[in-house]
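Chemist: Here the protein sequences line up with chains A and B, keeping their order.
All letters in the first sequence, in the order written, are residues 5 to 131 by our numbering.
All letters in the second sequence, in the order written, are residues -18 to 92 by our numbering.
Don't be surprised by glycine CBs; every beta carbon is placed ideally from N, CA and C.
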Amino acid sequence: EVQLEQSGGGLVKPGGSLRLSCAGSGFTFTNAWITWVRQVPGKGPEWVGRVKSKTSGGMIEYAAPVKGRFTVSRDDSEATVYLQMNNLKTEDTAVYYCTMGLCTGASCHWDDAFEIWGQGTMVTVSP
Amino acid sequence: QSALTQPPSASGSPGQSVTISCTGSSSDVGRYNYVSWYRQHPGKAPKLIIYEVTKRPSGVPDRFSGSKSGNTASLTVSGLQTEDEADYFCSSYAGIPNIALFGGGTKLTVL
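1) Could you tell me the distance, in whole angstroms, from the CA atom of lysine 28/B to the CA atom of leucine 106/A?
2) Could you tell me how far apart the beta carbons of glycine 147/A and leucine 92/A are, in whole angstroms, since I believe they sit closer than 8 Å?
3) Phenylalanine 70/B and proline 49/A look like a contact to me (Cβ under 8 Å); what is the Cβ gap, rounded to whole Å?
4) Ordered along the chain, which non-local residues of its own chain (more than five positions away) have a Cβ less than 8 Å from that of glycine 67/A?
5) Grouping DSSP H, G and I as helix and E and B as strand, with all else coil, what is aspartate 116/A?
6) Should isoleucine 1/B be labelled buried (16 or more other beta-carbon atoms within 10 Å of its own) or exposed?
7) Return helix, strand or coil for lysine 58/A, following the three-state DSSP convention.
8) Using Cβ-Cβ distances below 8 Å, what residues of the stretch 58 to 77 of chain A are close to chain B?
9) How would you call lysine 49/B, buried or exposed, if buried means at least 16 neighbouring beta carbons within 10 angstroms?
10) Can you give the Cα-Cα distance for serine 17/B and leucine 82/B, rounded to whole angstroms?
11) List the residues of chain A whose Cβ lies closer than 9 Å to the Cβ of leucine 89/B, in chain order.
12) My assumption, with CB atoms under 8 Å, is that alanine 98/A sits in contact with glutamine 43/A. Please give the rounded CB distance.
13) In chain A, what lies closer than 7 Å to tyrosine 69/B by C-beta?
14) Could you tell me the alpha carbon to alpha carbon distance between arginine 37/B and glutamate 119/A, rounded to whole angstroms?
15) Could you check if valine 85/A is buried or exposed, using at least 16 other CB atoms within 10 Å of its CB as the buried criterion?
16) Counting only C-beta atoms, is glutamine 7/A closer than 9 Å to chain B at any point?
17) Report the option in Asp116/A, Thr128/A and Met104/A whose CA atom is closest to the CA atom of asparagine 35/A.
18) Please name the residues in the stretch 5 to 30 of chain B whose beta-carbon is closer than 9 Å to at least one beta-carbon of chain A, in chain order.
19) Go ahead and label methionine 63/A buried or exposed: buried means 16 or more other beta carbons lie within 10 angstroms of its beta carbon, across all protein chains shown.
20) If you measure between the beta carbons of glycine 76/B and serine 8/B, is that distance less than 9 Å?
21) Using the beta-carbon count (16 or more within 10 Å), is methionine 126/A buried or exposed?
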């Protein structure tokens, strides 16, 4: 079964740091582009960042509100992607999901159709 | 304020059809045929139900259909069932650097 299993998260004060992990199984992790999405409860999701596979160049993109504070990285030997969050702000409070695009036949919709989702992890930034 | 605009709520009776709109701009919905729709039940992760405007992933019933005209995409749910009561989000590819934009969500109530 294709799965993304998340860990990390919790309560942190403004200015603090947290690291989220997203471990993949049931698929060829080295080929996967992994995206982080966050969602304030009761609101729409927000795209946070994405890391391409190393075979696709490994490029990482970030949303403007987190650029310079958040870092996405991957360890293919552990089949895990990380989201390092520094200088956290109260507005970063949300449920964070890692997600992966839909693959059909020979093509994958890495950036436009998110089929596999982690279970989500709550990040609360509060004084 | 979300990047894509959806009505906050929609409703219908079992067996009826309901359509949810999603309005973006010429830089996202209007430019790319990469609109997707997600259904989300409380406390659960979103589930992909439509991609590339009109396509359904394996296992999604044909009661769900998508369309697009200009900068507005739409999701139609036909033959409403109680399990369809959920939040629905649209998303559009928006290129670098924004990649993916989401709507604020529509809460569908099955009366």
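Modeler: Straight from the coordinates:
1) Along the second sequence, one-based indexing puts residue 28/B at 47. Along the first sequence, one-based indexing puts residue 106/A at 102. Distance between the alpha carbons of lysine 28/B and leucine 106/A: 11 Å.
2) The first residue shown for chain A is 5 and the last is 131, placing residue 147/A beyond what the model contains.
3) The residue labelled residue 70/B in the question sits at position 89 within the second sequence. The residue labelled residue 49/A in the question sits at position 45 within the first sequence. Right, their Cβ atoms sit about 6 Å apart.
4) Position 63 of the first sequence, counting from 1, holds the residue named residue 67/A. Note on residue identity: the sequence assigns alanine, not glycine, to residue 67/A. Within the same chain, alanine 67/A has close Cβ partners Glu50, Trp51, Val52 and Gly53.
5) Walking along the first sequence from the start, residue 116/A turns up at place 112. Aspartate 116/A: strand per DSSP, three-state reduction.
6) The residue given as residue 1/B occupies position 20 in the second sequence. Buried, by the Cβ-count rule.
7) In the first sequence, counting from the first residue as 1, residue 58/A sits at position 54. Of the three classes helix, strand and coil, the one that applies to lysine 58/A here is helix, per DSSP.
8) Glu65, Tyr66, Ala67 and Ala68
9) Your numbering for residue 49/B matches position 68 in the second sequence. Counting Cβ neighbours within 10 Å, lysine 49/B comes out buried, since at least 16 surround it.
10) Within the second sequence, the letter at position 36 stands for residue 17/B. Within the second sequence, the letter at position 101 stands for residue 82/B. Rounded to the nearest angstrom, the two C-alpha atoms are 10 Å apart.
11) Locating residue 89/B in the second sequence gives position 108, counting from the first residue. Simply none; closest approach about 14 Å.
12) In the first sequence, the residue the question calls residue 98/A occupies position 94. In the first sequence, the residue the question calls residue 43/A occupies position 39. At roughly 6 Å, the Cβ-Cβ gap stays under 8 Å, so alanine 98/A and glutamine 43/A are in contact.
13) Working through the second sequence from its first residue, we reach residue 69/B at position 88. By Cβ distance, chain A contributes nothing, its closest Cβ being about 10 Å from tyrosine 69/B, past 7 Å.
14) Along the second sequence, read from residue 1 onward, the residue named residue 37/B stands at position 56. Along the first sequence, read from residue 1 onward, the residue named residue 119/A stands at position 115. Those two C-alpha atoms are separated by around 11 Å.
15) On the first sequence, residue 85/A is found 81 positions in, with the first residue counted as 1. With 16 or more Cβ atoms within 10 Å of its Cβ, valine 85/A is classed as buried.
16) Mapped onto the first sequence, residue 7/A falls at position 3. Chain B contact via Cβ: absent.
17) Counted from its first residue, the first sequence places residue 35/A at position 31. Cα-wise, what sits closest to asparagine 35/A is Met104/A.
18) Tyr13, Tyr15, Val16, Ser17, Tyr19, Gln21, Gly24, Lys25, Ala26, Pro27, Lys28 and Leu29
19) Indexing the first sequence from 1 puts residue 63/A at position 59. By the neighbour-count rule (16 or more Cβ atoms within 10 Å), methionine 63/A is not buried but exposed.
20) Mapped onto the second sequence, residue 76/B falls at position 95. Mapped onto the second sequence, residue 8/B falls at position 27. Yes.
21) Residue numbering aside, residue 126/A sits at position 122 when the first sequence is read from its first letter. Under this definition methionine 126/A is an exposed residue.
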